[in-house]
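Protein chains: 2
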Amino acid sequence: MIELKREDYIPNISYDSVIFGFNGTQLKILILEYHNTNLFALPGGFVKYNENLIDAVKRGVKERTGLDNIYFEQFHAFGSLSRSEPQTMKRILEEANIDKASYDWMLNRFISVAYYALINYDDVNLEPDALSDSINWYALDELPSLMMDHREIVERALQTLRDNLEKKLVGMNLLPEKFTMKQLQKVYEAVLGENIRRTTFQRRLLAMNVLERHEKLFQGKAHKAPYLYSFKTRKSIKPNI
Amino acid sequence: MIELKREDYIPNISYDSVIFGFNGTQLKILILEYHNTNLFALPGGFVKYNENLIDAVKRGVKERTGLDNIYFEQFHAFGSLSRSEPQTMKRILEEANIDKASYDWMLNRFISVAYYALINYDDVNLEPDALSDSINWYALDELPSLMMDHREIVERALQTLRDNLEKKLVGMNLLPEKFTMKQLQKVYEAVLGENIRRTTFQRRLLAMNVLERHEKLFQGKAHKAPYLYSFKTRKSIKPNI
DNA sequence: ATATTAATGTCTCACTTTGTTACAATAATG
DNA sequence: CATTATTGTAACAAAGTGAGACATTAATAT
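What follows is the structure in structure tokens.
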């Protein structure tokens, strides 16, 4: 049974989430498709009266991916009048057989706060919400046409991710705990959308003093086995001299 | 007469603005003081149902400074439950002699979207709003104690300003149209909170190729007159996806 | 008129960071 | 045990930055 009672939620505020995953080569994001509408959208939702904004976001993502303890980064609030499309919303809600009395408030104008998150592609247990037929990974250059301003939201998320890549050591959540330099480089290349020189990249990242080197990897490939690295926890980072 | 009718405004959403100005040496921001309360706060307000979020912000700042056509940068939405302080709000509204029926909705929990702006210190015509005794410039290191989470909002604004300084050529609005290299350096120093080497700074900024050099300045100072510069107009770059 | 003063514009040199190329090391394969 | 493909790192070139030196010059003092 779908619960979207008007009295539980703050009207006019919503969130949208851009969930990035990495398949080893491409950056992908989670997109859902609403019942019988051919409408694709970012996973989003509403905020309860007695709930922190960030908790609403976490709740929505946990319901759809099973993941908890994800790192979110808020990147923009979208507040233009023109972004709301009551007819589109109405169609979605009718196709999901929600009754008019309970969905009426959802046709209002909403200001939406957008977050992105970076998760380990393989950990996800995808679960469509009540309004959706499916939720799936889409590569950034193979996105379906998205409803409302969601395309703009995605572009802004990617831009922020690129801007933050250096500062926030963003690869952290897109990779397994231990990874090779090559894997990390692939993450950087996927995020930045450009190739990086191997030796320069390696030298730069080692100089940053945020990686911990472990034993060798036995990948079964016919060449020298690369080291495995993991990210140092912030505490264990010692100053470079 | 104060107009804050519940039916005009979206409940639960507000904005706050951190307006930076520069007096040649220090960065300052605008802070208002509510009637008879000794409470200091950032200039903020509410969003009308039929109004873009950014237009609400511009409206509020124009009413208080007389300034139009300011560049705003949205930097964060503050959405925790704990940020709301209904007792504080009640006191402010009572001291301003607003009647309970019309202010009741303002005691709700609000999610606030915060913007900063950079303006020319001298152009401002300060005008307290209906709830306030005064609106004034305060240097960042001489701020009074601020209500609610406004201190945190200021700190985040400053952090974002610092992060964006290089990318967005932020000095643009803190200086008159034409300025000397020294003046620009003072802006950088005030924003970053540290001294910069003159020669390196000059070389770096000229290398960025964003400054246009004009005729010399006749400052009446007993030394070689510096060049005047202005910012070249830039075409915005769209992110690739 | 001319020397003085002090901030500016630019140059140099050392040092650091980044780009590029080269090459030795080595796990799996046959 | 040689081959293959990839890795780790060294070496050198190119570009960028920190620090200092110095000539230039508008106003002022002489």
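Respectively, the protein sequence lines represent chains A and B.
Per the numbering used here, the first sequence runs over residues 1 to 241.
Per the numbering used here, the second sequence runs over residues 1 to 241.
Cβ atoms here follow ideal geometry from the backbone N, Cα and C, with glycine treated the same way.
### Message
So for A:SER17, helix, strand or coil by DSSP?
### Response
Reduced to three states, the DSSP call for A:SER17 is strand.
### Message
Would A:HIS76 pass as an interface residue toward chain B - the criterion being a Cβ-Cβ separation below 8 Å?
### Response
At least one chain B Cβ lies under 8 Å of A:HIS76.
### Query
Do B:PHE20 and B:LEU118 come within 8 Å of each other at the CB atom, strictly closer than that value?
Yes, Cβ-Cβ distance for B:LEU118 and B:PHE20 is below 8 Å.
### Task
Determine which residues share a DSSP beta bridge with A:GLU74 and list them.
The sequence as given places Gln at residue 74 of chain A; Glu does not occur at that position. BP columns for A:GLN74 point to A:TYR115.
### Members of the region 53 to 67 of chain A that neighbour chain B once the beta carbon cut-off is set at 7 Å
For the region 53 to 67 of chain A, which is checked against every Cβ of chain B, the residues closer than 7 Å are LEU53 and ILE54.
### Message
Strictly by DSSP, which residues pair up with B:TRP105?
### Response
Beta-bridge pairing by DSSP links B:TRP105 to no other residue.
### Task
Indicate whether at least one CB of chain A lies closer than 8 Å to the CB of B:TYR327.
The displayed coordinates of chain B run from 1 to 241. Any statement about residue 327 of chain B would go beyond what the structure contains.
### Task
Can you grab the Cα-Cα spacing for the pair B:GLU73 / B:ARG59, in whole Å?
Rounded to whole angstroms, B:GLU73 to B:ARG59 spans 15 Å at the Cα level.
### Task
Enumerate, from N- to C-terminal direction, the unbroken alpha helix (DSSP H) stretches of 4 or more residues contained entirely within the region 204 to 232 of chain A.
Within the region 204 to 232 of chain A, no complete alpha helix (DSSP H) run reaches 4 residues.
#### Entry: Contact with chain B by A:ILE111, beta-carbon distance below 8 Å
With 8 Å as the cut-off, A:ILE111 counts as an interface residue toward chain B.
### Task
Return the chain-ordered list of same chain residues with a C-beta closer than 8 Å to the C-beta of B:LEU146, the five sequence neighbours on each side being excluded.
Excluding its 5 nearest sequence neighbours in each direction, B:LEU146 has C-beta neighbours in its own chain below 8 Å: ILE31, PHE40, ALA41, LEU42 and VAL154, listed in chain order.
### Query
Does DSSP put B:PRO86 in a helix, a strand or coil?
Note: B:PRO86 maps to helix in three-state DSSP.
### Query
How big is the Cα-Cα spacing for B:MET160 and A:ALA77?
The sequence given here places Thr at residue 160 of chain B; Met does not occur at that position. Pairing B:THR160 with A:ALA77, the inter-Cα distance amounts to about 15 Å.
#### Entry: Among B:LEU67, B:SER82, B:ASN52 and B:VAL61, the one whose alpha carbon lies nearest that of A:ASN258
Residue 258 of chain A falls outside the range modelled here, since chain A spans only 1 to 241, and no answer is possible.
### C-alpha gap between B:ASN12 and B:GLY220, whole angstroms
Pairing B:ASN12 with B:GLY220, the inter-Cα distance amounts to about 55 Å.
#### Entry: Extent of the continuous alpha helix (DSSP H) to which A:GLU63 belongs
Looking at the DSSP string, the run of the alpha helix (DSSP H) that includes A:GLU63 is 53 to 65.
### Query
Mind checking if A:LEU192 is an interface residue toward chain B, Cβ cutoff 8 Å exclusive?
Closer than 8 Å: no.
### Query
Taking Cβ positions only, does B:GLY44 come closer than 8 Å to chain A?
No, its Cβ sits nowhere closer than 8 Å to a Cβ of chain A.
### Query
Taking the DSSP output, what are the residues bridged to A:LEU30?
Answer by DSSP bridge pairing, in chain order: A:TRP137.
### Query
Which residues in the same chain have their Cβ closer than 8 Å to the Cβ of A:SER84, if we skip the five residues on either side of it in sequence?
For A:SER84, where only same-chain residues beyond five positions count, the Cβ hits under 8 Å are ASN108, ARG109, PHE110 and MET148.
#### Entry: Neighbouring residues, chain A, relative to B:LEU81 (Cβ below 8 Å)
Result: ASN50, GLU51 and ASN52.
### Query
Is the CB-CB distance between A:GLN181 and A:GLN202 below 8 Å?
Sequence inspection shows Met at residue 181 of chain A; the Gln mentioned does not correspond to that position. Yes, they are a contact pair.
### Message
Can you pull the chain B neighbours of A:ASN12, defined as C-beta to C-beta under 9 Å?
### Response
Chain B residues near A:ASN12: ILE10, PRO11, ASN12, ILE13, VAL47 and TYR49.
### Query
Is B:TYR49 helix, strand or coil by DSSP?
Secondary structure at B:TYR49: coil, using DSSP grouped into helix, strand and coil.
### Backbone CA spacing between B:SER17 and B:TYR71 [nearest angstrom]
Roughly 12 Å separates the two Cα atoms.
### Task
Pick out whichever of B:GLU215, B:HIS214 and B:THR200 has its Cα sitting closest to the Cα of B:MET244.
The structure shown does not extend to residue 244 of chain B, since chain B is modelled only from 1 to 241, so the question has no answer here.
### Task
Name the one or two DSSP bridge partners that B:TYR9 has.
Beta-bridge pairing links B:TYR9 to B:LYS48.
### Task
Keeping to the same chain, check which residues put their C-beta closer than 8 Å to that of B:ARG64; ignore five residues upstream and five downstream.
Cβ neighbours of B:ARG64 beyond the five flanking positions: LEU30, LEU32, PRO43, LEU126, GLU127, PRO128, ASP129 and ILE135.
### Task
State the start and end residues of the unbroken alpha helix (DSSP H) segment that holds A:THR37.
From DSSP, A:THR37 is part of no alpha helix (DSSP H); its letter is neither H nor E.
#### Entry: Cα-Cα separation between B:SER236 and A:ASP123, rounded to whole angstroms
Residue placement at B:SER236 is poorly supported in this model, since its pLDDT is 29, which falls under 50; the coordinates still yield a value, given next. Take the alpha-carbon of B:SER236 and the one of A:ASP123: they are about 39 Å apart.
### From B:SER14, B:GLY24, B:LYS5 and B:TYR15, residue whose alpha carbon lies closest to that of B:PHE179
Of the residues B:SER14, B:GLY24, B:LYS5 and B:TYR15, the one whose Cα lies closest to the Cα of B:PHE179 is B:GLY24.
### Task
Report the option in B:LYS5, B:ILE54 and B:GLN87 whose CA atom is closest to the CA atom of B:ASP99.
Answer by Cα proximity: B:LYS5.
### Message
Measuring alpha carbon to alpha carbon, tell me which residue in B:GLU152, B:ARG162, B:TYR227 and B:LEU206 is nearest B:ALA190.
### Response
The shortest C-alpha to C-alpha distance from B:ALA190 to any of B:GLU152, B:ARG162, B:TYR227 and B:LEU206 is the one to B:ARG162.
### Query
To the nearest angstrom, how far is it from the Cα of A:TYR188 to the Cα of A:LEU165?
Annotation: A:TYR188 to A:LEU165 spans about 8 Å, alpha carbon to alpha carbon.
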